[in-house]
Amino acid sequence: MSAPSPAPPTASPLRSDAARVGPTGAVLDPALTDPAVAALLAELDASASRQIPPHPNTVDAYANDWRAWVRFLTDFNAALRAADPDAPEIPDTATNYGLFVAFVGWHETRGLAPATIRRRVYGVAVTQRRRGVSVPPESLAAALRKTEIYEGELARAGQKRGRGKAPAVAIPHLRRIGARLSDDTLAGVRDHALVLLGFAIGARRSDLAALDIGDIEISDEGLVVNVRYGKTGARSPAVPRGTHPRTCPVRAVLAWLGELAEIAILTGPLFRAIDRHGNLGDRRLSPRAIGEIITRTGELADLDIHVTGHSLRSGMATAARRAGHDAKTIATQGGWNPNSAALFGYMHIADQFGDNALQGIGL
């Protein structure tokens, strides 16, 4: 005689079957649904977060991504109201599939690089979740797929956002960057000095990376920067004082030198790595790290161009030409050969309307 079949298990009155299923449909260990266990695990998570705070740059990047999300929704809601004055307002907590895809499309019209769009999509998703808002996996997947399609379209058209000819940083861009960088952190002071000095001397990333503290000479008129290992040889461009506090490269560099002097750093690399806890290291920043910092400051300021490491160099040449300086003066400041095709390309951008064959002919 066979043994009787065991009776099917009955659900505990304290834990339903539904309570053992996680948000993704996975079955949870019943112990994890115990309120006391859940509370203990939540406290462990909170303790870990206090011990491992996010890097300040990550916090800034997520905040910038969220501002982009809010601006997108402002534009999106305005378009809805233009079509229908009675259209409801889409809140910033909405995370549906269609809205995330529209967010990507909004960036496409602004000409941002696919890599920037991906980062912003992830940044918005992280912020939503931290605010307690569920982000459906299909929304994230759809946005990333839309970005992938956009990237393919650019490739087929022979374009690649974020690469190729660097868009020039202009003085208004520098003002926005200066307004966003904080003087209360070492990284903020360093990055401000790096960007403004890079613009002032038309620096390549490698120029900035190679600078030592001793390469900066201070005078009443401003600075003399000894670029010892430039691509076209050594040079010593002068940097006069600016008229606006937040775009004056002399003030920014002196502020950074002051921070270094306070911790008894008087020699060695000018631009050094800073760890996630704000501690200054001995290691010289690499040219690649310099470029990443420059790009990040542009994103932090939400500029309408994708800033690269070369944008400061092209920006100085373009701004100087618009101010009326000749090729020789600009070449001396930025270390170009006076007959450089790249330099004349920047000058053409500045001259294409002011010094145009159609000016003054009576059209």
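At the far end of the sequence shown sits residue 363, using the working numbering, and the numbering has no gaps. Where a beta carbon is used, it is the ideal one built from N, C-alpha and C, also for glycine.
Pairing Leu-208 with Gly-198, the inter-Cα distance amounts to about 7 angstroms.
Residue burial is scored here from C-beta neighbours: Leu-41 has fewer than 16 other C-beta atoms within 10 angstroms and is therefore classed as exposed. Secondary structure note for Pro-88: it is in no beta strand (DSSP E), with a DSSP letter that is neither H nor E. A Cβ-Cβ contact shorter than 9 angstroms links Met-316 with Gly-334. Per DSSP, Val-239 lies in no alpha helix (DSSP H); the unbroken beta strand (DSSP E) holding it starts and ends at 238-240. Taking 8 angstroms as the upper bound for CB-CB distance, Leu-211 and Leu-196 are not in contact here, some 13 angstroms apart. In the three-state reduction of the DSSP assignment, Glu-221 falls in the coil class.
Annotated three-state conformation of Gly-362 is coil, per DSSP.
In the three-state scheme derived from DSSP, where H, G and I count as helix and E and B as strand, Asp-65 is classed as helix. For Asp-282, no alpha helix (DSSP H) segment is defined; the enclosing uninterrupted segment is the beta strand (DSSP E) at 280-284.
A residue is called buried when at least 16 other Cβ atoms come within 10 angstroms of its Cβ; Asn-337 does not meet this threshold and is exposed. Looking from the CA of Thr-74, the closest CA among Thr-58, Ala-48, Pro-91, Ala-63 belongs to Pro-91. Excluding its 5 nearest sequence neighbours in each direction, Val-126 has C-beta neighbours in its own chain below 7 angstroms: Tyr-62, listed in chain order. Under the three-state reduction of DSSP output, Arg-272 falls in the strand class. Distance between His-310 and Pro-249, taken at the CA atoms: about 17 angstroms. DSSP places Ile-305 outside both helix and strand once states are collapsed to three, so it counts as coil.
In terms of Cβ geometry, Leu-363 and Phe-271 do not form a close pair [threshold 9 angstroms].
Secondary structure of Arg-156 (DSSP, three-state): helix.
Taking a 10 Å sphere around the C-beta of Ser-314, we find 16 or more other C-beta atoms and assign the residue as buried.
In this structure the region 177-191 touches the region 257-276; the number of beta carbon pairs closer than 8 angstroms is three or more.
DSSP places Trp-336 in no alpha helix (DSSP H); its state is neither H nor E. With respect to the 9 angstroms criterion, Ile-265 and Leu-280 are classified as neighbours on the basis of their beta carbons. Its Cα nearest to that of Tyr-229, the residue Arg-204 stands out among Arg-204, His-348, Tyr-150. Checking the DSSP bridge columns, you'll see Val-227 partnered with Arg-235. The three-state reading of DSSP puts Asp-212 in strand, counting E and B together. Sixteen is the threshold: since fewer than 16 other Cβ atoms of the shown chains lie within 10 Å of the Cβ of Gln-359, the residue is exposed. Between His-107 and Thr-116, the C-beta spacing is below 9 angstroms. Note on geometry: alpha-carbon atoms of Gln-352 and Thr-329 lie some 19 angstroms from one another. Here Arg-129 is not near Asp-65, since their CB atoms are 9 angstroms or more apart. For the beta strand (DSSP E) assignment, the region 124-202 encloses no uninterrupted run of at least 3 residues. Apart from the 5 residues on each side of it in sequence, Lys-146 sits with its Cβ closer than 6 angstroms to the Cβ of Val-101, Val-104 in its chain, given in chain order.
For Ala-113, there is no enclosing alpha helix (DSSP H), as DSSP marks it with neither H nor E. Between Ser-236 and Asn-226, the C-beta spacing is below 9 angstroms.
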